[in-house]
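Report on one structure; see the data block that follows.
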Amino acid sequence: KPDGKFRVLVFGNSVTFGTGAAQEEIFTARLGDHFRRNHPDRDVEIVNMAVQGGSVPVFQQYLDKYGKTLAADLVVFAFNSAMIAQTARAGTTKNVSRIGLMANAKRLPLEIHKLLFSSYSYRTFDALFRKNLYRFLVLKEDLSTPTGYGYAFAFDAPNVDISKIQADYRSFENHLSRFADTVARLGSEIMIVNIPERFTISADARDNFRHYPLSKIRLNPATWIHDIAKRHQFKFCDVRPALVEARTQML
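Residue numbers for the sequence shown follow this note's numbering, beginning at 2 and rising by one.
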């Protein structure tokens, strides 16, 4: 790393990766723009380390392999609720079995979605097609299995085992603690940034296109990650208030 450079590594999943967004719209790009405008005297570099469907074990592997070389001054962990499911499965939630694709015709739209997720077609598919599949109930998320954002909210719905989800929360905390220990050993520090889901920042139906039963939420990932940050004395930033205000102005 060049002398005088302040390097920030940002770990996260598809939200941070910027799936479906133009490169200049990704929040890590905007964070870099913010630093350059407000601190023109500082040489700040933002490195987006996000992975689509990324989990803490995957981030740990990246840090173990590249952390010493990258020599970060700050590591930002961009959390959102899907990471509970992704880490419970120790990897991406979007894997698909070819056998499963053929064996269960009722799941065909979901399996096609999973296949497209890893392709270059995903951006167009996501923007033009997928959300409408959820909106018109062609796709419906299984709230009882770790396959997406809804899992971490432990909705009071059939077959949703809150004790299993709580155990996955504890497992996530253990993985995150190990990740933070590695960051410290590399001479850096960690900051947790909570990135909320769209359905938590407004009551507009367009922000809950997956039709989550919001009155049946039993666990709050945002509260939980904040409590973790306090227990482990991690720096913490919650961007939800700013996003609520911005979304209110948009509507």
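Note that CB positions come from ideal geometry on N, CA and C, so glycine has one too. This structure is a prediction, so every number in the text was calculated from the model and none was measured.
Asked: Coarse secondary structure for residue 210, derived from DSSP in three states; Found: coil
Asked: C-beta contact flag for residue 48 and residue 16 at 8 angstroms; Found: no
Asked: Span of the alpha helix (DSSP H), counted from its first residue to its last, around residue 246; Found: 241-251
Asked: Inter-stretch contact at 8 angstroms, needing at least 3 Cβ pairs: the region 56-75 / the region 21-36; Found: no
Asked: Assigned secondary structure, residue 161 (DSSP; H/G/I helix, E/B strand, else coil); Found: coil
Asked: Validate contact between the region 75-87 and the region 194-214 using beta carbons, cut 8 angstroms, 3 pairs; Found: yes
Asked: Length of the line joining the Cα atoms of residue 75 and residue 46; Found: 10 angstroms
Asked: Cβ distance (whole Å) where residue 44 is taken to contact residue 5 below 8 angstroms; Found: 5 angstroms
Asked: Own chain, CB closer than 8 angstroms to residue 183, minus 5 neighbours either side, in chain order; Found: 61, 64, 65, 68
Asked: Assigned exposure category for residue 88 - 16 Cβ within 10 Å defines buried; Found: buried
Asked: Under the three-state DSSP convention, the category residue 23 falls into; Found: coil
Asked: Test item: CB-CB of residue 202 and residue 248 under 8 angstroms; Found: yes
Asked: For residue 192, the three-state DSSP class (helix, strand or coil); Found: strand
Asked: Identity of the residues DSSP links to residue 171 by a beta bridge; Found: Partner(s): none; residue 171 has no beta bridge.
Asked: Alpha carbon of residue 160 to alpha carbon of residue 2, nearest angstrom; Found: 50 angstroms
Asked: Residue nearest to residue 214 in terms of C-alpha spacing, selected from 144, 41, 90; Found: 144
Asked: Spatial distance of residue 85 from residue 251 (CA atoms); Found: 29 angstroms
Asked: Backbone secondary structure at residue 59 - three-state DSSP; Found: helix
Asked: Alpha carbon of residue 54 to alpha carbon of residue 224, nearest angstrom; Found: 22 angstroms
Asked: Rounded C-alpha distance that separates residue 219 from residue 8; Found: 38 angstroms
Asked: Cut-off 8 angstroms between Cβ atoms - residues of its own chain near residue 174, not counting five sequence neighbours on either side; Found: 229
Asked: C-beta atoms of residue 153 and residue 222 nearer than 8 angstroms; Found: yes
Asked: Residue from 130, 27, 234, 162 whose Cα sits closest to the Cα of residue 178; Found: 234
Asked: Straight-line gap, residue 208 to residue 200 (C-alpha atoms, nearest Å); Found: 5 angstroms
Asked: Host alpha helix (DSSP H) of residue 47 (start-end); Found: Segment 44-49 is the beta strand (DSSP E) holding residue 47; no alpha helix (DSSP H) there.
Asked: Counted within 10 angstroms of its Cβ, other Cβ atoms place residue 163 as buried (16 or more) or exposed; Found: exposed
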